[in-house]
Amino acid sequence: MRPFLAMAAILALMPFGLPPYAMTLLTEALILGLTAMSLDLMVGYTRLISFGHAASYGLGAYTSGWLLLHTDFPVLFVVPLAALFAGVVAIGVAWVCTLATGVSFSMLTLAFAQLLYAVAFKWTSVTGGSDGLAGIPRRAGPFGMTILSTKSGFYYFVLACLLGAFLFCRSLVNSPFGAVLRGIRENEAKTLSLGYNIRAYKIAVVALSYGLGGLAGALYAPFAGFANTELLFWLFSGQVLIMVIVGGSGTLVGPVLGAAFFMLAEHWLSSYTEAWALFFGLIFIGFVLFAPEGIFGVFSTRLIRRARPVG
Amino acid sequence: MDFAAFLLTQCVNALSQAALLFFLGVGLTLIFGIMRIVNFAHGSLYMLGAFVGYTLVRLTGNFWIALLIAPVLVGAFGGVFEYAILRRLYRRDGSAFLMVTFGLALMLGDGIRLLWGSEALQVPLPDVFSGVVFLLDEPFPSYRLFLAAAGVIVAVTIWQFLERTRLGLLIRATSQNAEMVHALGVDVRLVRSAVFGIGCALAAVGGVLAAPLVTASLGMAATVIIDAFVIVIIGGMGSFLGSLIGALLVAFVQVFGNYYFPDLALAFMYLIMLLVLVVRPGGLLGKEA
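Chains as they are written, first to last, in this note's numbering: chain D, 1 to 311; chain W, 1001 to 1289.
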């Protein structure tokens, strides 16, 4: 608990030290971190490799964007509503996807995400087509509360969502429910033979994961002020999956670090060299070859080594 | 235009589209069959083929030399990449391949931008096929007719290669049971390098052939890779015949869908993919995954 509180305190103090520009980056990093963490529930704890997590993010972003543009609801209500919507849709998606396992499961999630992409592209009257939704406001309220429409106020909102989601996920994976998920990860047949309805568990974890991914997307739309089809594109699904793996899957914290690393590295490299993607690709390959356990793994093994001298 | 002529031109059009998709899909499916790798860089290798082809056409002034040499170069690149990087990872889980091939895709995209610039490059049609032919009195670009024929020829060649040559036999055997092949004294690692190289070369063939139609541009990888995935998934990952069927299905849906339901064509493709996967999770001709 102590590292968690320390981290929360540091993040809470950030708006007092960082320039506005850096705050924008940090807010986006936290939103991406939430996305990666939500995917970790599936990838790291249940070994359900989703190639279509952009579906949850895009669904959340479009829903919250549409609600903010076409209704009077304040951000505070819209964000959880959009997350709920993504989670409910995910039940249907998961019902279909869990008919398959392994690579086929991944491909089904990809198919759904691309289907949503196609819909968002063509259903212009609702989604704005290739332009997407633009000018999404951070509407204040309720009761004249204006804090969420300010930049730092919104940052705290994002931070609260991330920390809340983290506590929720942590207690989830430590609960008997989480034990069944790990059972599915380690040996599906055995878990089934112990009498667990693994399909129901899978559907539940996909719904929760998509719900939290939808929460992240719902935060992104009012943060960026727009939602476009790129949020639903398969490239984004791949990036989120890589954030999870780079950070260290099955650790919850790792994927958040992975997302922050991903974003900061992209930003830093692109300010030094135009060929940032070249180095980015090199970094991925380097990670796979030399640090297969991910950022979190590297950190924790180094720390443990220091704490307990070999002998 | 009477209906028969319309149907014929659209069908040949779809066949030429299917040929381009097939060049990508067959490499992807062979690589998956042998190595269980979902190669995210496949679209980028196709793009690399188009750009290398552009340069060769500029240097030699001959499209056919480019069509011959560019795949060899890209195939060699793929083989070396397999030898240097992928080979170290076969004992690891699939996420390692995801990252490495994704990383390769990023590097190729940026590398191509640095070497060739970000302008779209026009590759001229080969002289022989720059005109039109008349199908039932309808003018039709002869290059597309050539593409359809090339697709048929390459498909038959690969099929015969897999069925009748020793390397083809080893490839089929390795995709069924790599350990047994290894135990029988075959260096499976060489088979893997060869298959990865061949898959990359086929992608490059597709790239060179597509370049005169769509120009060699940096966007071509991202648009084409997902089509290739859809083909392979519909057909069944690892199945040669499946990739052929998938390419035909997707091409016909794209061509006719774009004509009759322009708004729904994109969604159609994914709906078919979903439907196939729900009915047969391993794809039409794939093993149950």
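Glycine included, C-beta positions come from ideal geometry on N, C-alpha and C.
Compute the Euclidean distance between the alpha carbons of residue i and residue j, then round it to the nearest angstrom.
i               : j               : result
A1070 (chain W) : L1218 (chain W) : 17 Å
A224 (chain D)  : I136 (chain D)  : 8 Å
R357 (chain D)  : S64 (chain D)   : Examination of residue 357 (chain D) is not possible in this model, given that chain D is present from 1 through 311 alone.
A1289 (chain W) : Y1090 (chain W) : Low per-residue confidence applies at A1289 (chain W): pLDDT is 48, beneath 50, and the placement is therefore not dependable, though the value from the model is reported in the following sentence. Between A1289 (chain W) and Y1090 (chain W), the C-alpha separation is close to 19 Å.
A1004 (chain W) : G1185 (chain W) : 56 Å
T1223 (chain W) : A54 (chain D)   : 17 Å
S193 (chain D)  : F1077 (chain W) : 48 Å
A1211 (chain W) : R1144 (chain W) : 12 Å
G281 (chain D)  : M1107 (chain W) : 5 Å
I1034 (chain W) : F1240 (chain W) : 12 Å
I10 (chain D)   : F299 (chain D)  : 19 Å
P309 (chain D)  : A1221 (chain W) : The predicted position of P309 (chain D) is uncertain, since its pLDDT is 49 and thus under 50; no value can be drawn from it.
I31 (chain D)   : L219 (chain D)  : 7 Å
A320 (chain D)  : A113 (chain D)  : An answer regarding residue 320 (chain D) cannot be provided, because it is not within the stretch 1 to 311 covered by chain D.
F1032 (chain W) : A1066 (chain W) : 28 Å
G254 (chain D)  : I1085 (chain W) : 25 Å
Q1254 (chain W) : L1020 (chain W) : 13 Å
D1093 (chain W) : T46 (chain D)   : 15 Å
T146 (chain D)  : E266 (chain D)  : 33 Å
Y1270 (chain W) : M7 (chain D)    : 43 Å
A1183 (chain W) : A1201 (chain W) : 29 Å
G311 (chain D)  : L289 (chain D)  : For G311 (chain D), the pLDDT reaches just 42, beneath the cut-off of 50, and the residue's location in the model is therefore unreliable, although a value from the coordinates is still provided. Approximately 28 Å, taken between the alpha carbons.
V1214 (chain W) : K151 (chain D)  : 44 Å
F16 (chain D)   : G153 (chain D)  : 12 Å
C1011 (chain W) : V1156 (chain W) : 20 Å
Any beta-carbon of chain W closer than 7 Å to the one on residue i?
i              : result
V158 (chain D) : no
M42 (chain D)  : no
L96 (chain D)  : The sequence shown places Val at residue 96 (chain D), not Leu. Yes, its Cβ sits closer than 7 Å to a Cβ of chain W.
S50 (chain D)  : no
G281 (chain D) : yes
L115 (chain D) : yes
L278 (chain D) : yes
L108 (chain D) : yes
K122 (chain D) : yes
P309 (chain D) : Since pLDDT at P309 (chain D) reaches only 49, below the 50 mark, its modelled position is unreliable, and the value read off the structure follows with that caveat. Chain W, which has no Cβ nearer than 7 Å to the Cβ of P309 (chain D), makes this no.
A260 (chain D) : no
I245 (chain D) : yes
Just to check, is the beta-carbon of residue i closer than 6 Å to a non-hydrogen atom of the ligand ADP?
i              : result
P292 (chain D) : Among the components of this structure there are no ligands whatsoever, and the ligand ADP is therefore not found.
Report yes if the C-beta distance between residue i and residue j is below 7 Å; otherwise report no.
i               : j               : result
G1025 (chain W) : A1265 (chain W) : no
A100 (chain D)  : P1281 (chain W) : yes
A221 (chain D)  : A1267 (chain W) : no
M1273 (chain W) : I1234 (chain W) : yes
L232 (chain D)  : L81 (chain D)   : no
Y57 (chain D)   : G217 (chain D)  : yes
A1105 (chain W) : F1022 (chain W) : no
D1110 (chain W) : L278 (chain D)  : yes
V180 (chain D)  : Y201 (chain D)  : yes
E1138 (chain W) : T1055 (chain W) : no
A207 (chain D)  : A90 (chain D)   : yes
T191 (chain D)  : G178 (chain D)  : no
F1102 (chain W) : G238 (chain D)  : yes
G1242 (chain W) : L1285 (chain W) : yes
V1057 (chain W) : F1063 (chain W) : yes
G213 (chain D)  : T35 (chain D)   : yes
V240 (chain D)  : L39 (chain D)   : yes
For a cutoff of 7 Å on Cβ pairs, would you count residue i as touching chain D?
i               : result
F1102 (chain W) : yes
I1031 (chain W) : no
A1289 (chain W) : The predicted model places A1289 (chain W) with a pLDDT of 48, which falls under 50 and marks its position as unreliable; any figure quoted below should be read in that light. Chain D, which has a Cβ nearer than 7 Å to the Cβ of A1289 (chain W), makes this yes.
M945 (chain W)  : Summary: the structure shown does not reach residue 945 (chain W), with chain W confined to residues 1001 through 1289, and so no result is reported for it.
L1274 (chain W) : yes
S1118 (chain W) : no
L1114 (chain W) : yes
A1041 (chain W) : no
L1285 (chain W) : no
S1095 (chain W) : yes
Runs of alpha helix (DSSP H) lying entirely within the segment 153-230 of chain D, each at least 4 residues, in chain order: Secondary structure within the segment 153-230 of chain D: the alpha helix (DSSP H) runs of 4 or more consecutive residues, fully enclosed, are 176-186, 188-193, 198-224 (chain order).
Within 8 Å, do at least three Cβ pairs link the segment 1166-1173 of chain W to the segment 1046-1063 of chain W? Not touching, per the Cβ criterion.
The segment 1017-1034 of chain W in contact with the segment 1182-1200 of chain W per 3-pair CB rule at 8 Å: Yes: at least three Cβ pairs fall under 8 Å.
Runs of alpha helix (DSSP H) wholly within the segment 1201-1257 of chain W (minimum 4 residues, chain order): As far as the segment 1201-1257 of chain W is concerned, its whole alpha helix (DSSP H) runs of at least 4 residues are 1220-1235.
Which parts of the segment 107-134 of chain D are runs of the alpha helix (DSSP H), unbroken and 4 residues or longer, counting only runs that do not cross its ends? Within the segment 107-134 of chain D, the complete alpha helix (DSSP H) runs of at least 4 residues are 124-127.
At a cut of 8 Å, does the segment 1241-1251 of chain W reach the segment 1012-1022 of chain W through at least three beta carbon pairs? A contact exists between the segment 1241-1251 of chain W and the segment 1012-1022 of chain W.
Given 8 Å, three or more beta-carbon pairs between the segment 286-296 of chain D and the segment 237-250 of chain D: At 8 Å Cβ cutoff, the stretches touch.
Determine, using beta-carbon pairs with one atom in the segment 123-135 of chain D and one in the segment 171-178 of chain D, whether at least three such pairs fall under 8 Å. Too few Cβ pairs lie closer than 8 Å, so no.
Would you check if there are 3 or more beta carbon pairs closer than 8 Å linking the segment 18-31 of chain D to the segment 158-166 of chain D? Touching, yes.
Any alpha helix (DSSP H) of 4 or more consecutive residues that is wholly inside the segment 1173-1197 of chain W: The DSSP assignment places complete alpha helix (DSSP H) segments of no fewer than 4 residues inside the segment 1173-1197 of chain W at 1178-1183, in order along the chain.
Run through the segment 1124-1154 of chain W for me and flag every whole beta strand (DSSP E) of 3 or more residues, listed as ranges in chain order. Correct list: 1132-1135, 1138-1141.
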